[in-house]
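Residue numbers (my numbering): 2 to 892.
Ideal Cβ placement from N, Cα and C applies to all residues, glycine included.
Quantities reported herein were computed from a predicted structural model and do not represent experimental measurements.
Notes to accompany the following structure.
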Amino acid sequence: MDIKTIGIIGGGVFLTAGMAASIILLLKSKKPQTNSSILKPLQDVKNITSKINPISDQKSLFQIEQPSMPDLPEFKDPKMVNVRYPLIPPYTFARISWDNENSELVYQIEEPVLNDNEKELLKTLEDGVKELINLSFISVKDKNTVLIYLEKNIRVLLTELAIDLPNDSFLKIMYYIYRDFVGMNQLEPLMNDYFIEDVECNGLNSPVYVVHRKYRNIRTNLIYKDIHEMAAFVEKMAQKCGRYVSYAEPLLDGSLPDGSIDYEEPVIYKQNGIVKVRKIGEVIDRYYGKNETNKPIYINDIEVAAFDNNYKINWKKADYVYRHKVNEELYQLDLEFGRKIKLTGCHSIFVLNNKGIISERTDNIKAGDYVILPSTIPENNVIKEINLAKELSTSKYKNKLVIRNVPIEIFKEKKQELYLYYNKNYKHPNQAYYEHKNKQIIPIELYNLLDETTLRNCFVGTTSTHHVPTFLKINEELMWFLGLYIAEGWLYNYDSYGVYFSLNKNENNLINEIKRCATKCFNMDIYVESEKDNGVKVKVDGLILWLIMTEVLKVSKGAKSKVVPEIVFNVSKSLQKSFIKAWHAGDYSTTVSNYLANDISYLSLFDKNIAAFYKSKPKTTFIKGRKIKSEGAYYSNFYARDVENPYPSMIPVELFNPLNKTHWRLRNKRVSRERLIKILGEIRYKRFENLDLATKKFLIEWEKRGIINNKKLTDNGVKLLEEINLIKKLLKSDFSFAKINKISRVKSTSEYVYDFSVKDDENFVAGIGGICCHNSRLNATYTTDVSSKGPTFTVRRFSKTPWSPVQLAQKGTATLEIFAYIWMAVEYENSLMVIGGTGSGKTSFINAVAFFIPPQARVVSIEDTRELSLEHENWLPSVARSGVGLTNLVG
2 MDIKTIGIIG GGVFLTAGMA ASIILLLKSK KPQTNSSILK PLQDVKNITS
52 KINPISDQKS LFQIEQPSMP DLPEFKDPKM VNVRYPLIPP YTFARISWDN
102 ENSELVYQIE EPVLNDNEKE LLKTLEDGVK ELINLSFISV KDKNTVLIYL
152 EKNIRVLLTE LAIDLPNDSF LKIMYYIYRD FVGMNQLEPL MNDYFIEDVE
202 CNGLNSPVYV VHRKYRNIRT NLIYKDIHEM AAFVEKMAQK CGRYVSYAEP
252 LLDGSLPDGS IDYEEPVIYK QNGIVKVRKI GEVIDRYYGK NETNKPIYIN
302 DIEVAAFDNN YKINWKKADY VYRHKVNEEL YQLDLEFGRK IKLTGCHSIF
352 VLNNKGIISE RTDNIKAGDY VILPSTIPEN NVIKEINLAK ELSTSKYKNK
402 LVIRNVPIEI FKEKKQELYL YYNKNYKHPN QAYYEHKNKQ IIPIELYNLL
452 DETTLRNCFV GTTSTHHVPT FLKINEELMW FLGLYIAEGW LYNYDSYGVY
502 FSLNKNENNL INEIKRCATK CFNMDIYVES EKDNGVKVKV DGLILWLIMT
552 EVLKVSKGAK SKVVPEIVFN VSKSLQKSFI KAWHAGDYST TVSNYLANDI
602 SYLSLFDKNI AAFYKSKPKT TFIKGRKIKS EGAYYSNFYA RDVENPYPSM
652 IPVELFNPLN KTHWRLRNKR VSRERLIKIL GEIRYKRFEN LDLATKKFLI
702 EWEKRGIINN KKLTDNGVKL LEEINLIKKL LKSDFSFAKI NKISRVKSTS
752 EYVYDFSVKD DENFVAGIGG ICCHNSRLNA TYTTDVSSKG PTFTVRRFSK
802 TPWSPVQLAQ KGTATLEIFA YIWMAVEYEN SLMVIGGTGS GKTSFINAVA
852 FFIPPQARVV SIEDTRELSL EHENWLPSVA RSGVGLTNLV G
């Protein structure tokens, strides 16, 4: 029996959590040897099976259907529970019912029943697959490919053994081969149950327990009875984690990644303090060696945008990156507001339903579901100016660049350092020294001979007359120059170097703006060429500007390849607005670059705006008789949160019933936050929260509507309060909401798919325009204890938000009176001890009790396994590890 403790010491709170269950690899005897006599007739099959192509469009007889998520009924009396729903249809089902003998709910895994002959044949075929085909299906993600491959090889083996099986026996055997080779062996049905949060096993001959979302803690009919079989399963778990477990290293913390995102999907992240937007495949590939796959690579230099338990988005450290090969088709989700993402079916994204924000597998969602979008990205105002002398000192054109306006005394004070450079780089060092002294210039590579104050009074230039400031200020003028360049500019390097802008002849305001910005930022003038075909070209000429744009600011080239310069993501919101304003002035919020459309969408989030891009259809036009084909452009709409009806940030109240039946203004599908705040501030909602404030008329009216009965809230009334509390949390959130317009199957753009792992928060922002993605991780834990019952394990599928006292009271875990008593105990700083068996809900109970801990309290938790999820800002979560004493060291 496990014990968990809550103690209150000196105004702080101290939590200790005992082990609920863990994976322990304890191997004390040798594994049994494979019976070679069984395999003898199969040895000649090896060459045949090795030549079978695993990729085929052929359909196998053995098929697995996609289960739908059942709507499980509520039962006030657990003795009445008797439900059955598919796990791996049409082969495996879950049945939950009341066990009269033990007076508890039981979870039965219903799998195909094999007779003795089928069992013997299954063992022979499994040994044949292992010995002859020698396949590892650990990293295979396309189930259809695996099914075809397995079925082909099994049929070859059956032919060689001269065995003719009826279809029903063949399908049953194929299920078990699939379960044990592709899946997680006996645990595979539980891993496919949407409703299961935790799976816990305390060793051999002990039933596996599950924590069910609907019916909570339940004993299953799954019992491991073979230590070697269980040890092999633990090794398989370790392989899935991309980790290692053995006799020498039996203890390990690991995780089980599943779904991932396509290579091309953009992700916003911060590396070494600088915000970037890149393809997720580009970001993660550099951490892997060639052909390296299917294992996590731990990193410490990347942060991603992630939301916390309060639904606030912050920069959070990524724990590790992960990639694996994929052969299956991906899912593409097309959302409102131009948002899109491609990901595997088992990857999860966050959706909103009437119970709150949940992570849902892609293959379980449908058109019309609401997906969570970020409505903001935290500002990263870190770049204030750029030292051009330093940046250009390593340019490939550095021999043409000099520092101008160098004080004459520098040539005396630094004469020795100057001559060292001249002797090495000039044929006539004396001539170079005196020539530079007369012109008061030095090569740009020697910029560090000057202190910062002196350097700031100098200029960067070439042998021409250009005098660019040595420090480029990041100001409004620079943002306007960059914005207009991204809209209308291009770089040229033929005959001379510089920047061109193509404008309409009537856009004098933009010509003046370019002149103002070029002068203020670079001390350069512009040249306006003669009008041609209603257009004019504005030229800012100079190698130094060309180098600043290409090597320092690293602007993109080509209309279809334009992106937002990286520097713009790392300046203040006001400067970012200037960039967007300039880009809009030049391009009228239109672009042919899908990269730029995505970047503008992400950039808008810094100022809590939603930019939605929609692509026009391809068209053909004629200019002076010349046929011009257009592939279509991206047009944007901006949805700002400060407008009267900020559509993306509106709350989808259509999901919340009975709440949407309590006010005529809530009949709309979506309601603005401002209006919702006013509505929920009305007296009726205060009365729902405290019926002591209710008048007789109010009680009569809402009793008729089924919300109140005998001056108490009905089940519908309790649900109403939950919805009100959820809405209030959403009102303060950093979320917007978009419906799924279409779901389609598409091919992967790479042989790999990718994922980030974010410790604690388990989410990050990715996809076209920004979508909140779950990092799809199952937590498995290997403990430091040694069990006399052999290997033990736990698989945690942590929920994002802990259960509240009200929810646990509804489930019958404890009454509201008990929670009130515990609240008083916490208020008076009493110590509490929570005792319960495996899967009894100790952690969920402590999470709920933590709601009573004052928000200002200092909370320190110590656990064997990280399970607690507290919403206190002043919380220090810790994990215990066993110490090693002298006795252990010397034996």
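Taking 7 angstroms as the cut-off, the beta carbon of PHE580 is found no closer than this to the beta carbon of VAL539. In the DSSP assignment, ARG674 falls within the unbroken alpha helix (DSSP H) covering 674 to 681. By the neighbour-count criterion, in which 16 or more other beta carbons inside 10 Å mark a residue as buried, SER61 falls on the buried side. If you draw a straight line from the Cα of LYS367 to the Cα of ASN292, it comes to about 35 angstroms. Relative to the Cα of GLU436, the nearest Cα in the group GLU453, VAL403, CYS459 belongs to VAL403. With respect to the C-alpha of TYR312, the residue from VAL572, GLU763, LEU485, GLY339 having the closest C-alpha is GLU763. The C-alpha of TYR829 lies about 11 angstroms from the C-alpha of ILE854.
In the three-state DSSP reduction, HIS437 falls in the helix class (H, G or I).
Counting only the Cα atoms, GLY768 lies some 24 angstroms from LEU732. Distances from the CA of THR750 to each of LEU419, LYS416, THR345 were compared; the closest alpha carbon is that of THR345. Secondary structure at LYS391: helix, using DSSP grouped into helix, strand and coil. Separation of ALA739 and LYS341 (C-alpha to C-alpha, rounded to the nearest whole angstrom) is 11 angstroms. Here SER617 is not near ALA598, since their CB atoms are 7 angstroms or more apart.
At a cut-off of 3 residues, the continuous stretches assigned as beta strand (DSSP E) that sit fully inside the region 464 to 511 are 472 to 474, 490 to 493, 499 to 505.
Within the same chain, and ignoring the five residues on either side of THR294 in sequence, the residues whose Cβ sits closer than 7 angstroms to its Cβ are SER140, ARG324, HIS325, LYS326, TYR753. The DSSP-derived three-state label of ILE445 is helix.
Taking the C-beta atoms as reference points, LYS563 is found no nearer than 7 angstroms to SER602.
ASN742 carries a strand assignment under DSSP once its states are collapsed to helix, strand and coil. The three-state reading of DSSP puts LEU344 in strand, counting E and B together.
CA-to-CA, the gap between LEU721 and SER104 works out to about 33 angstroms. In this structure, ILE262 sits near TYR755, with a CB-CB distance shorter than 7 angstroms.
For the pair LEU677 and GLY499, the Cα-to-Cα distance works out to about 54 angstroms.
DSSP places ASN354 in the uninterrupted beta strand (DSSP E) bounded by 349 to 354. Between the beta-carbon of ILE224 and that of ASN206 there is about 6 angstroms, and that keeps the pair under the 8 angstroms contact cut. The Cβ atoms of LEU479 and CYS522 sit closer than 7 angstroms to each other. 7 angstroms or more divides the Cβ of VAL212 from the Cβ of GLU189.
The closest CA to that of ALA390, considering only GLU418, LEU546, HIS429, TYR371, is found on LEU546. Residue environment: LEU817 is assigned as exposed (fewer than 16 neighbouring CB atoms within 10 Å of its CB, all protein chains considered).
When the Cα atoms are used, ASN83 and ASN101 turn out to be separated by approximately 12 angstroms.
Excluding residues up to 5 positions away in sequence, SER396 lie with their Cβ nearer than 6 angstroms to the Cβ of GLU552 in the same chain. The C-alpha of GLY282 lies about 37 angstroms from the C-alpha of SER497. Taking 3 residues as the shortest admissible run, the region 281 to 327 contains the following complete beta strand (DSSP E) segments, listed from N- to C-terminal end: 303 to 308, 314 to 326. Nearest neighbour of PRO856 by Cα position, chosen from ARG279, PHE94, ASN875, turns out to be ASN875.
Following the DSSP letters along the chain, one finds THR221 inside the beta strand (DSSP E) bounded by residues 217 to 224. The residue among PRO113, ILE741, ILE155 with its C-alpha nearest the C-alpha of GLY129 is ILE155. Shown here, LEU331 sits in a strand according to DSSP, grouped into three states.
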